[in-house]
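Chains as they are written, first to last, in the working numbering: chain B, 46 to 364; chain C, 46 to 364. In what follows, a structure is listed as structure tokens, so that the remarks can point back to it.
There are 2 protein chains.
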Amino acid sequence: MAFYIGIDIGGTNIKAGIVDELGNLLGTAQRPTGVGRPLTEIFRDISRTVDEALATSGLNRSDTSAAGAGCPGAVLPDRGLVVYNNNLGWHDVPLGPELSALLGLPVVVGNDANVAALGEAVAGCAKGASSAIIITLGTGVGCGVVLNGSIWTGWSSTASEFGHMVIVRDGRPCTCGRKGCLESYASATGLIALTREAMAAHPDSLMHRAEDVDGRTAFDAARAGDIVAQGVVDDYIDYLACGLANLINGLQPEVIGLGGGVAEQGEALFTPLREKVRRELYGGGGERSTRILPCTLGYQAGLIGAAMAAMQHLNKGDF
Amino acid sequence: MAFYIGIDIGGTNIKAGIVDELGNLLGTAQRPTGVGRPLTEIFRDISRTVDEALATSGLNRSDTSAAGAGCPGAVLPDRGLVVYNNNLGWHDVPLGPELSALLGLPVVVGNDANVAALGEAVAGCAKGASSAIIITLGTGVGCGVVLNGSIWTGWSSTASEFGHMVIVRDGRPCTCGRKGCLESYASATGLIALTREAMAAHPDSLMHRAEDVDGRTAFDAARAGDIVAQGVVDDYIDYLACGLANLINGLQPEVIGLGGGVAEQGEALFTPLREKVRRELYGGGGERSTRILPCTLGYQAGLIGAAMAAMQHLNKGDF
């Protein structure tokens, strides 16, 4: 059995995990990232976190074959380079070579959404599927695309930004500069905007009882019977269904996995979503339907996926 | 050198071509399809057309290793089955097995837009590129996706319908049943609709001098200095750019090739289109830009692509 190290470098925490060749997570550890510190300190802490994860799994560095690291932002996997990461304030950081020197292992680097998608494809909601698109409904709409079992990063290595697919031309301004992107409507932020608009128009709505308006407010009030809130939920699901139908018409992945805060609404989201998507598919969607499923791995997806990316890289002789 | 047969079965003509392993077209032939005749007659004529193409290339059937056939509609390549083809009036026609028996060769079947995309990727505008999306701007917006050198057909074998990606939610009704699809705006039909609307609002426009309103009317009048017509052209290119930017943000193919009648406008289309797309790319589109190019092969793309699909199928041991 071969073992691989998965590393997730976020704006808040560094996480590390030890993963076997089947995608099983054997041990994990984490430490605060401490954004703003010198890079050498952060790298040293990544190395320590890896050692702690090894200790919890009862393995040594010499038992592992390669490591993968995911982080947000624009990453060039071929060169192990983090071009830009606004959470960490990184520009042109040679993360792959630096970690490789520290760990004494080949290291592959990827965008965090992409490696998490690979994790869900190998060991999570899309386990056994040959293709999957994993979408995170959080502050933004993150996306990772796995085709024929591998991450699709495109010609310039930064593909899979389907959150920045315009579905409402000249619609809501998006943080990316376009107007009407899927992210502007289908993110938790988009849901909150829809919620606030409906609240302003309907002072009697149960939604006003929420202490803070967040991505749960409309779903909670809808469950309590509030018709205006149900309208917000319906509108939100319409936008999301529009985006997913676009993706299925174009790519027909075997699975679309949804993660992030909004996906925690469970069947209140998934049941109407599947029905709305089905109605919009070209030619009925063909013989075999894309399954729309909740992600199952949470933060572990990034660790497992980073490790599996390292395994694939090694097996293809790409190091 | 190995040789392959490419067949294109359209609503008007059956075409056949002989292609070498490098994608060179060595000989072609064609006959009318004669839609409505018994299938046995049409199949017999396909076989005759293949023999005529062989004769023009100086080869025999025994010189060829496999054949590929493209036709419109929903096709299941795994079973060689044409599920539905409204041009030919076909339902569940086992085209692959029937042609295989007639030609005495393994036969692979594909959707015509998909095999044409492979042709452009192997020997046309995207020659040498590892990934390409080929879009035909005709009556509709056809699309074929080539990733890692192979046609992407998705889980249910009928993917690549990016013409049916909604870009204007609740916009123009599309023939597919959705509203606001890229096809409703970026097809020649969509361009004609924009042209007619502008003509109705501007009785003095030069566009009224056209005998018939078609996909050239607005471009021609714009070239002659008509400001209203230029506005139509600008709007049309805006819609198309929106769709292409969506595709690039998501997939970052190395090349997007545009074919069909509207693409014949050349740089009057491509120069402003490239600039508008560039402005809409996420994060500036990364280090390497997708090239947006005119298709170069015309009808030959379908023949070359069908033959190359047969070659790939044979080389992978998939027959």
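Glycine is no exception: its CB is placed at the ideal position from the N, C-alpha and C atoms.
Check: At least three beta-carbon pairs within less than 8 Å, the stretch 231-239 of chain C to the stretch 167-186 of chain C; Outcome: yes
Check: Secondary structure, alpha helix (DSSP H): runs of 4+ residues fully inside the stretch 67-139 of chain B; Outcome: 84-102
Check: Whether C:Val-80 touches C:Gly-56 by CB criterion (7 Å); Outcome: yes
Check: Pair within 7 Å by beta-carbon distance, C:Gly-347 and C:Val-153; Outcome: no
Check: Under the three-state DSSP convention, the category B:Cys-188 falls into; Outcome: strand
Check: Bridge partner(s) assigned by DSSP for B:Ile-196; Outcome: B:Val-191
Check: Distance between B:Ile-196 and C:Val-162 (C-alpha atoms, nearest Å); Outcome: Correcting the residue identity first, residue 162 of chain C is Ala in this sequence and not Val. When rounded, the distance between both Cα atoms is 22 Å.
Check: Cutoff 7 Å; reference C:Leu-206; Cβ partners in own chain excluding five residues on either side; Outcome: In the sequence on display, residue 206 of chain C carries Glu and not Leu. The residues are Cys-188.
Check: Backbone secondary structure at B:Cys-226 - three-state DSSP; Outcome: strand
Check: Against chain B: residues of the stretch 100-111 of chain C by CB proximity under 8 Å; Outcome: none
Check: B:Lys-39 classed as buried or exposed, judged by whether at least 16 other C-beta atoms fall within 10 angstroms; Outcome: In the structure as shown, chain B begins at 46 and stops at 364. Residue 39 of chain B is therefore absent and cannot be evaluated.
Check: Beta-carbon proximity of C:Leu-68 to C:Ala-171, cut-off 7 Å; Outcome: It is worth fixing the name first, because residue 68 of chain C is Gly in this sequence and not Leu. No, they are not a contact pair.
Check: Alpha-carbon to alpha-carbon, B:Ser-107 and B:Leu-99; Outcome: 10 Å
Check: Min CB distance C:Ile-344 to chain B below 7 Å; Outcome: The question names Ile, but residue 344 of chain C in the sequence shown is Tyr. Answer no: the Cβ-Cβ gap between C:Tyr-344 and chain B never drops below 7 Å.
Check: Identity of the residue in B:Ile-50, B:Thr-198, B:Ala-266 nearest B:Gln-310 by Cα; Outcome: B:Ala-266
Check: Through-space distance from C:Ala-119 to C:Gln-275, alpha-carbon basis; Outcome: 37 Å
Check: Whole-Å CB distance - B:Ala-308 paired with B:Cys-340, under 8 Å assumed; Outcome: 7 Å
Check: Spatial distance of B:Ala-177 from B:Leu-303 (CA atoms); Outcome: 11 Å
Check: Whether B:Ile-27 touches B:Leu-289 by CB criterion (7 Å); Outcome: Beyond the ends of chain B as shown, which are 46 and 364, falls residue 27 of chain B; an answer cannot be given.
Check: Chain C contact for B:Gln-297 (CB, 7 Å cutoff); Outcome: yes
Check: Burial state of B:His-209 (16 or more Cβ within 10 Å); Outcome: buried
Check: Anticipated Cβ contact below 8 Å, C:Ala-263 with C:Val-278, distance rounded; Outcome: 5 Å
Check: Cβ-based neighbour list, C:Lys-321, same chain, cut-off 7 Å, excluding 5 preceding and 5 following; Outcome: Ile-282, Asp-283, Ala-286
Check: Delimiting residues of the alpha helix (DSSP H) encompassing C:Arg-268; Outcome: 262-268
Check: Residues within the stretch 188-218 of chain C neighbouring chain B, beta-carbon criterion of under 8 Å; Outcome: Cys-188, Val-190, Leu-192, Asn-193, Trp-197, Thr-198, Gly-199, Trp-200, Ser-201, Ser-202, Thr-203, Ala-204, Ser-205, Glu-206, Phe-207, His-209, Met-210, Val-211, Ile-212, Val-213, Arg-214, Gly-216
Check: Proximity of C:Ile-59 and C:Phe-48 at Cβ, strictly below 7 Å; Outcome: no
Check: Chain B contact for C:Ala-119 (CB, 7 Å cutoff); Outcome: yes
Check: Whole-Å CB distance - C:Ala-74 paired with B:Gln-297, under 8 Å assumed; Outcome: Not a contact, Cβ separation roughly 35 Å.
Check: Within-7 Å CB hit, C:Tyr-327 to chain D; Outcome: Protein chains in the displayed structure are B and C, and chain D is not among them.
Check: Local Cβ density within 10 Å of B:Leu-84, reported as buried at 16 or more and exposed below that; Outcome: exposed
Check: Residue burial classification, C:Asp-257 (beta-carbon count within 10 angstroms, cutoff 16); Outcome: exposed
Check: Same chain only: Cβ atoms within 6 Å of C:Val-213, ignoring 5 sequence neighbours per side; Outcome: Gly-225
Check: Backbone CA spacing between B:Asn-291 and C:Val-127 [nearest angstrom]; Outcome: 24 Å
Check: Closest Cα partner of B:Arg-393 within the set B:Asn-131, B:Ser-102, B:Leu-147; Outcome: Any answer about residue 393 of chain B is impossible in this case: the structure gives chain B only from 46 up to 364.
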